[in-house]
Amino acid sequence: MKLSPLIVALDVDRLSDVKKIILRLGPSVNFYKVGLKLFTHYGPEILTFLKKQQKKIFLDLKFHDIPNTVAEACREAVQHRVDMLTLHACGGSEMMKRAVRTVREESKARKIRAPLLLGVTVLTSMDDLGEIGVRGTPVEQVKKLAKLAFESKLDGVICSPHEISVLRKMLPKTFKIVTPGVRPLGSSKGDQRRVKTPEEALSLGADAVVMGRPIFEAKDPLSLVQHLLAF
């Protein structure tokens, strides 16, 4: 699956806000991210709504549990026809391999395209791993987890813009890199730490960048979106 270079994160509170965003951005944006807050509030209803709008769905729930639990959660995601979903690569190879196998089996049984499975490496809000007992720098940890995700047959990883170039050198171009932690020049970093501009991330080799709040807070969200898509 070829990714749109921009995935808009629906970091909002209500379905009414989602409807306003989709109306405002129109056909320019076809890929939206549903995260923990929105999904916890609305559940599958938000996925059904986006599919009715003919939008692609990045379900970003970052599954992390024992292999069977994660595999069955992925099965449910397939049944909701999401286009991409995440699980924590630090859950280990058995967990990731079970997820891959289940997603492929369920998609084949339903005769639909399998969603992309992406491994979350190190959250972009983290720059000190020592407090959680991980030795080494975020870059070193991202490299280890990305290699594990690739060997487990995932389709790609989530990483900060700071790790894109090193991953591009060690993994095939077909292995997807999706990058949150991007902010246009002059935007607040919020709770992000390891950030770059979306243009920098795409130049370094990201397949897609994920951005929400900076778009919604822009004076002209549609112009910002069109600029990024034309990059």
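Residue numbering for the sequence shown follows numbering that gives the first Met the number 0, starting at 0 and increasing by one per position.
Ideal Cβ placement from N, Cα and C applies to all residues, glycine included.
Only a predicted model underlies this, so the values are computations on that prediction, with no experimental measurement involved.
inquiry  = For E162, tell me which candidate among P213, F48, V119 has the shortest Cα-Cα distance.
reply    = V119
task = Go through the segment 169–222 residue by residue and report every complete run of the alpha helix (DSSP H) that reaches 4 residues or more, in order.
result = 197–203, 212–216
request  = Please go through the same chain and pick out, in chain order, the residues whose beta-carbon is closer than 6 Å to the beta-carbon of P43, but skip the five residues on each side of it.
outcome  = H79
ask   = Can P183 and P160 be called in contact, C-beta distance under 8 Å?
value = no
query = V81 and I56 look like a contact to me (Cβ under 8 Å); what is the Cβ gap, rounded to whole Å?
reply = 4 Å
key: Beta carbon of C73 nearer than 8 Å to that of L84   = yes
task = Please determine, among G90, T178, K218, the residue with the shortest C-alpha to C-alpha distance to K32.
result = T178
Host alpha helix (DSSP H) of H40 (start-end) = 35–41
ask   = Since A76 is in the alpha helix (DSSP H), which residue starts that stretch and which ends it?
value = 66–78
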